[in-house]
Amino acid sequence: MIFPASKIAATVCIADVASAGVFRLPIARTTIGWDIRFLGVDKRAEAYQAPLGVQSQLAQRVWKSRHEDEVKHEQSLANLEMPSVPFTPFGHSDDEVIYWSMYTTPISIGNPPLNLTALVDTSWGPFFVPSANCTLNPRERESCLHHAPLYNSSESSTYRADLTPCKLMYRGYSGVYTRGNMSQDNIHVADMEIKGQVFEEATFWHRTYLTRDDLFDTALGLSLHRIADSWGNFSASGPFQNMIEQDLLHENIFTLTLPRVDREMGELTLGGLPESLDSCEMIEVPLNHSRTGGGDEWWDFATSSGWQISAQSISMDSPSGSIPIMTSEHTAIISSSYPYISLPHDLAAAANHAIGLEELYDWVDCETRLNLPNMTFALGPDGLSITLTPWDYLIEVYDDFFGVLKCVSPFQSLESKGEMGFIMLGAAFLNGVWSVWNAKRGSISFANRPL
């Protein structure tokens, strides 16, 4: 495998920032594994190769009803319980585990502050918190107590009541759907206090299928715009939007340094750059708002965050030559909460074939990474390139059941969703780079990060 002497085709320099207005938060990575043999005997098991991941397809079975009344709603919840009887496995027994990673950071709400664990999500905006009032309903008590201690508005001196009923569907890869009422309080992010954050105080809280909501309490929304939620009716400004509106940041940017493996810690830098990043080595790619979801529910949501760029081409490069994967322009949604690199079906198959795999969600021996190709992306209207190594794009996870270190393929098929000219560049793309998300300049900048 070749490590290019220069992986950067063009550079952009961002002025050095002062310490004031720059806030740093740790990012922890947790990799989840679901054994698809235990998804049950019903047809939900068919979704193991769903277009945008297992959970999104399974959750559609819940969204479809729109919960027209509480009786139907409770029935749908009963159907969400994971069956205990496995169906007949296929393939090798250790190949039927689907992996993805969650990225979380500590924040808090109210005064005195209540600590929360938040997903770091560039595709999400509205803030939501499980309420202590959730436990008053015996049907909700178990779901809510995963998040104890719960938010109790009577204990916060900065709480302001609203009580307008609302609901939302959090569509991160680890999703929940909630009902509650609008409230207002201050939230604390590192040493920053965002005043008067409007949020949903959730009195009803349920995970979508396969979600580990015991690992997070909310999402720290870093979307550029208010997101589109066809199921919900709550679209208040997210935390990043309020940081900008309240002039809390030295620059209206944030930088993501996602950990490559679970044992590492990453960093979310709000208002500036990480201390170790030389900004003159970055490529700056302008945002591309020429494409919308075109009425498709998923793409309408994915494009609403505002963080999308154009991608001209993708190739797999090795000493023996270059294999073209994508040769025509697509709009790339960049998302920290989406685990994979998702491409139209034939392109995903070609990328998997280039690393010796034939199946989605399959894995390679991590010892073979030295022999695998690099992956080069040409981004933006000028085709600025950045190259990822196998240490960057493969999802490294230790399977403690089988005692194997796996490097899981991130290349997923969009199936019919791939016909609309979009691709998804998720955490598997972001893991190996610094990414600077600039609201003022309307761009995302990238630089390779050393191992």
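1 is the number of the first residue of the sequence shown in UniProt numbering; add one for each residue after it.
Each residue gets a CB set at the ideal place from its N, CA and C atoms; glycine is no exception.
Can you give me the start and stop residues for the beta strand (DSSP E) that residue i sits inside?
i      : result
TYR103 : 97-109
GLU396 : 395-399
ALA428 : Not the beta strand (DSSP E): ALA428 falls in the alpha helix (DSSP H), residues 427-430.
ALA311 : 308-318
PHE411 : 411-413
PHE127 : 127-130
SER435 : 433-438
LEU220 : 218-221
Please state whether DSSP places residue i in a helix, a strand or coil.
i      : result
HIS345 : helix
TYR177 : strand
ASP162 : strand
ARG207 : strand
LEU116 : strand
ASP213 : helix
THR327 : coil
SER416 : helix
LEU168 : strand
SER279 : helix
SER183 : strand
GLU155 : helix
LEU136 : helix
HIS67  : Caution is warranted here: a pLDDT of 39 is assigned to HIS67, below 50, making its placement in the model unreliable, and no coordinate value can be reported.
LEU370 : helix
Taking the CB atoms as reference points, tell me whether residue i and residue j lie closer together than 8 Å.
i      : j      : result
GLY266 : ASP121 : no
LEU163 : GLU200 : no
PHE127 : GLY238 : yes
ARG179 : THR203 : yes
TYR99  : VAL404 : no
LEU268 : LEU287 : no
PRO259 : ILE27  : yes
LEU119 : SER337 : yes
LEU249 : GLY442 : no
SER123 : LEU114 : no
VAL433 : TRP363 : no
HIS289 : ASP217 : no
ASP262 : ARG29  : yes
GLN302 : ILE325 : The identity of residue 302 in the sequence shown is Ala, whereas the question assumes Gln. Cβ atoms of ALA302 and ILE325: not closer than 8 Å.
ALA439 : ASN152 : no
ASP399 : VAL97  : yes
Can you pull the DSSP bridge partners for residue i?
i      : result
THR269 : ARG24 and THR255
HIS353 : Answer by DSSP bridge pairing: none, since HIS353 is not bridged.
ARG29  : TYR103
LEU388 : MET375
VAL285 : ILE444
ASP365 : LYS406
ASP121 : GLY221
ALA332 : ILE309 and ILE423
PHE199 : PHE127 and SER183
TRP34  : ILE98
ILE194 : ILE187
SER322 : ASP317
Report, in whole angstroms, the separation of the C-beta atoms of residue i and residue j, which I expect to be a contact under 8 Å.
i      : j      : result
ILE194 : GLN246 : 7 Å
HIS206 : SER143 : 6 Å
VAL285 : LEU384 : 6 Å
LEU145 : VAL129 : With 8 Å as the limit, LEU145 and VAL129 do not qualify as a contact, their Cβ atoms being about 14 Å apart.
SER305 : LEU224 : 6 Å
VAL343 : LEU414 : A small fix is needed here, since residue 343 is Leu in this sequence, not Val. LEU343 to LEU414, Cβ: 6 Å. Contact.
HIS353 : PHE422 : The Cβ separation is near 22 Å, so there is no contact.
PRO373 : MET316 : 4 Å
ALA332 : LEU394 : Not confirmed; about 19 Å, so no contact.
TYR340 : ALA219 : That pair is no contact at about 19 Å.
ARG160 : GLN184 : 4 Å
ILE227 : SER235 : 7 Å
THR104 : LEU25  : Between LEU25 and THR104 the Cβ distance is about 10 Å, and since that is not below 8 Å, they are no contact.
GLN308 : LEU379 : Actually they do not touch by this definition, with Cβ atoms about 11 Å apart.
TRP299 : MET182 : 28 Å between Cβ atoms; not a contact.
GLY110 : ASN186 : 7 Å
ILE323 : PHE377 : Not quite, the Cβ-Cβ distance comes to about 14 Å (not below 8 Å), so this is no contact.
SER445 : PRO381 : The pair is not a contact, with the Cβ atoms about 15 Å apart (cut-off 8 Å).
GLY175 : THR211 : 6 Å
Just reading off the alpha helix (DSSP H) that residue i is part of, what are its end residues?
i      : result
ASN242 : 239-245
CYS144 : 141-145
SER304 : 297-304
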